[in-house]
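A short worksheet on the structure shown next.
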């Protein structure tokens, strides 16, 4: 399913979709694959990744670059990945600040977006056979079970980092499974999506200013190695998972869609808006402020809102806006596919 020629505005929209995927991948409980699915380019994304195979590498090694780009749908992948890269240095940082200062409204918007995604994907799904209902229920249970797991401790072993890349990229290829939340469970969220990204940003900034003193900084070099290995793992994961998902979509499309809907529904608990941070305390019951870090990583107790305060009403409005944004994105995706 090679993509049709794209206009300049289509290319801009594709970069923006990459921005949205990158931002979604940063937030635990939200999947970049949902953006691709709802926006109408999920199957093209999976198809393009499947084409990154030995034939593609033969074209690349032989110097047939134009043939390589055409074979892997390179323009599509380049624009999408460009948007994701830009997102990691811009939108994702804005999200950190927003969650720190306006957590209820941000989580409400994402909660609404997930509800909208469930509606959009499920509205045209009519194959609710007994088998698919069981698969759907298994997807919900799996999503909830993953959300209840306790995070591991950080590990910068490069073999483990490579494994994190393979697993963490799942959110881009499997809608409903949050890659960033998986990285939290593996204990390497801060190392891979915060520290390493910041190290790469600082290094690029230094190189631009012709400052190469970072070469003598062992901590920076270690983080750059971690980023490189994580990237290699992510590429490996994208290619292998895309082939697996491509096979499932081709042979078991209805069952795969039922599982995806279940996964997305099961992830709602992770982004439940009404929650309060659980801080680590010492033996005297005092909060250990030195251990308070990234607001995205904070542990929470969830509760049900008990009053119709202005804050809760605004949160409900953000939920509705989240739902409407996904529905609008879905309609745009349908329009581009027509």
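Residue numbers (the working numbering): 12 to 349. Ideal placement from N, C-alpha and C gives every residue a C-beta, glycine not left out. Note that the coordinates shown come from a computational prediction; the quantities given were computed from them, not determined experimentally.
Own chain, CB closer than 8 Å to residue i, minus 5 neighbours either side, in chain order
i	result
residue 46	28, 31, 32, 35, 340
residue 190	36, 42, 43, 178, 179, 180, 181, 182, 183
residue 82	62, 66, 67, 70
residue 227	none
residue 193	157, 178, 179, 181, 182
residue 78	70
residue 251	177
Residue i versus residue j: straight-line alpha-carbon distance, rounded
i	j	result
residue 70	residue 60	16 Å
residue 90	residue 319	44 Å
residue 231	residue 225	7 Å
residue 202	residue 180	15 Å
residue 321	residue 220	48 Å
residue 43	residue 58	16 Å
residue 256	residue 184	8 Å
residue 301	residue 140	Here residue 301 scores only 45 on pLDDT, less than 50, and its place in the model should not be relied on; the value that follows carries that caveat. Rounded to the nearest angstrom, the two C-alpha atoms are 52 Å apart.
residue 19	residue 316	46 Å
residue 273	residue 149	7 Å
residue 171	residue 165	10 Å
residue 200	residue 237	12 Å
residue 249	residue 176	9 Å
residue 186	residue 155	15 Å
residue 157	residue 218	41 Å
residue 270	residue 216	43 Å
residue 106	residue 73	43 Å
residue 222	residue 53	41 Å
residue 142	residue 229	54 Å
residue 138	residue 109	40 Å
residue 198	residue 163	5 Å
residue 278	residue 96	25 Å
residue 240	residue 234	10 Å
residue 121	residue 112	16 Å
Of the residues the options, the one placed nearest residue i, counting alpha carbons only
i	options	result
residue 210	285, 21, 100	100
residue 118	38, 136, 168	38
residue 253	49, 240, 63, 98	63
residue 247	281, 173, 286	173
residue 134	240, 163, 49	49
residue 337	282, 131, 137, 281	131
residue 243	102, 197, 169, 331	169
residue 26	74, 75, 102	102
residue 93	72, 23, 262	23
residue 146	276, 194, 159	276
residue 323	21, 76, 114, 196	114
residue 159	234, 213, 281	281
residue 208	265, 98, 129	98
Own chain partners of residue i with C-beta closer than 6 Å, once the 5 adjacent residues on each side are dropped
i	result
residue 126	334
residue 267	259, 260
Residue interval of the alpha helix (DSSP H) (run including residue i)
i	result
residue 167	Element bounds for residue 167: n/a, residue is neither H nor E.
residue 21	19 to 37
residue 118	114 to 133
residue 255	229 to 262
residue 93	85 to 99
residue 44	43 to 50
residue 143	141 to 158
residue 195	190 to 197
Sequence-distant residues of the same chain with beta carbon closer than 7 Å to residue i, five excluded per side
i	result
residue 116	325, 326, 329
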